[in-house]
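The number in this note's numbering is simply the position in the sequence shown, starting from 1, with 14 added. Presented below is the structure to which this report refers.
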Amino acid sequence: MASSLTLRQRFNIQRFLRGERYGRETITLNHRRIFILPTRAGLGFFLLLLLLWLTSANYNNNLGYILAYLLASMGMVSIIHAYRQLVELKIHPETINPVFAGEKALFTLTINNPSPRRREAITVTHYLANSQQVSFDSNDTRMIQIPLSSHRRGKFKVGTVTLATVYPLGLFRAWAPLNFDLEWWVYPKPAANSLPLPHNQKNRRQSREATDRDFEGFKTYQPGDSLKQIHWKGLAKGQGLHSKQFQDEPEPNEDLWLDWQKVPGKDTEARLSQLCRWLLEAEQSGKRYGLTMPLASLPPDQGKNHLHACLQLLAVYPHG
């Protein structure tokens with residue numbers, strides 16, 4: 015991938031701040047992904063070092079020269095140590111499970127240290143979460159969970175996660191920004207006090223009409239048969255007492271249609287919350303259900319994939 019970057023892309027400021035885009039592949043940190051700059055303490059340190067060197071030069075003080083060069087060498091060595099804390103680390107992003115508004119989604123990174131040396135004081139940061147500091151033993155693997163706040167429904171990008179360290183002296187900061195092009199879903203919060211699931215009256219009426227047409231034949235009258243089913247015309251012709259026999263009433267079509275227009279109220283978020291609750295209840299009941307929204311609809315089905323497809327349709331509905 016290094017050869018695919020142009021000179022302009024290599025020195026793009028956004029690459030230093032946000033990092034290159036990654037999907038679900040495992041990332042190995044190398045010299046192209048790690049950046050190093052002095053910290054404030056480092057800038058102050060080298061400013062004092064410069065003053066020490068100038069003073070030594072002005073007064074021709076050999077001890078001052080020795081001290082200045084010794085401190086400068088310590089600063090240079092700290093650059094190498096900071097870089098070595100991050101290089102060769104392997105980072106693999108895990109799938110983010112969808113959540114409802116108000117809950118926290120967990121973005122998990124599996125970080126592996128394949129080298130025999132220990133890694134110290136590495137800070138993992140994301141703009142939606144507090145920083146976490148971790149260390150790795152030799153050949154160690156750890157799972158870092160980053161809680162992502164989700165106050166609004168919708169589809170979001172994970173964005174940049176940064177691994178950084180100022181080890182060992184705090185003079186230099188080495189960091190690796192990883193811009194994950196991964197999505198996570200926040201569904202509307204289910205209504206706390208749900209209305210009853212709507213009934214499909216059209217299907218029930220069609221079922222009753224079908225029953226009226228499903229005449230099967232006649233059978234000898236048995237005590238307890240309904241008087242409405244007695245074949246009176248046959249009795250008048252001397253054919254004996256018989257009852258009309260119908261096929262068993264077919265099971266009513268249990269497909270539910272959850273329609274945005276049928277949800278009472280005018281508040282957009284409240285109506286979405288009610289639809290969310292109905293979807294969860296319909297899935298739990300085992301019935302097939304469909305969803306009709308102003309901009310799209312999904313035919314009746316059931317199962318987790320269908321449920322998530324319906325909830326995603328609610329999540330991306332325009333905010334009122």
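Glycine residues also receive a C-beta, built at the ideal position from the N, C-alpha and C atoms. These numbers come from a predicted model, not from an experiment.
Query	Result
I think leucine 123 touches valine 175, with their Cβ atoms under 8 Å apart; what is that distance to the nearest whole Å?	7 Å
Can you give me the Cβ contacts of tryptophan 198 inside the same chain, cut-off strictly under 6 Å, excluding the 5 residues immediately before and after it?	Ile110, Ala119 and Phe170
Which residue's Cα is closest to the Cα of valine 113: Leu81, Asn153, Pro161 and Ser92?	Pro161
Just to confirm before moving on: does the CB-CB distance between glycine 116 and alanine 329 stay below 8 Å?	no
Quick one: measure Cβ to Cβ for serine 287 and proline 204, integer angstroms, because I've assumed they're closer than 8 Å.	6 Å
With H, G and I counted as helix, E and B as strand and the rest as coil, what does DSSP make of valine 113?	strand
Give me the Cα-Cα distance between glutamine 159 and leucine 325, rounded to the nearest whole angstrom.	25 Å
Can you check which of these residues, Ile93, Ile94, Pro128 and Leu85, is closest to lysine 104 by C-alpha distance?	Pro128
Run through DSSP, which three-state label would arginine 291 get?	helix
Going by beta-carbon coordinates alone, are alanine 206 and threonine 179 separated by less than 8 Å?	no
Kindly confirm or deny that the segment 182–201 and the segment 45–62 touch, where touching means at least three C-beta pairs closer than 8 Å.	yes
State the start and end residues of the unbroken alpha helix (DSSP H) segment that holds methionine 307.	From DSSP, methionine 307 is part of no alpha helix (DSSP H); its letter is neither H nor E.
Would you list the one or two residues that DSSP bridges to phenylalanine 170?	Trp198
Among Trp246, Thr306 and Gln298, which residue has its Cα nearest to the Cα of tryptophan 271?	Thr306
Please list the terminal residues of the continuous beta strand (DSSP E) segment that includes tryptophan 274.	It is not in any beta strand (DSSP E) - tryptophan 274 carries neither H nor E in the DSSP assignment.
Report the residue ranges of all beta strand (DSSP E) runs contained in full by the segment 29–85; include only those spanning at least 3 residues, in chain order.	34–36 and 49–52
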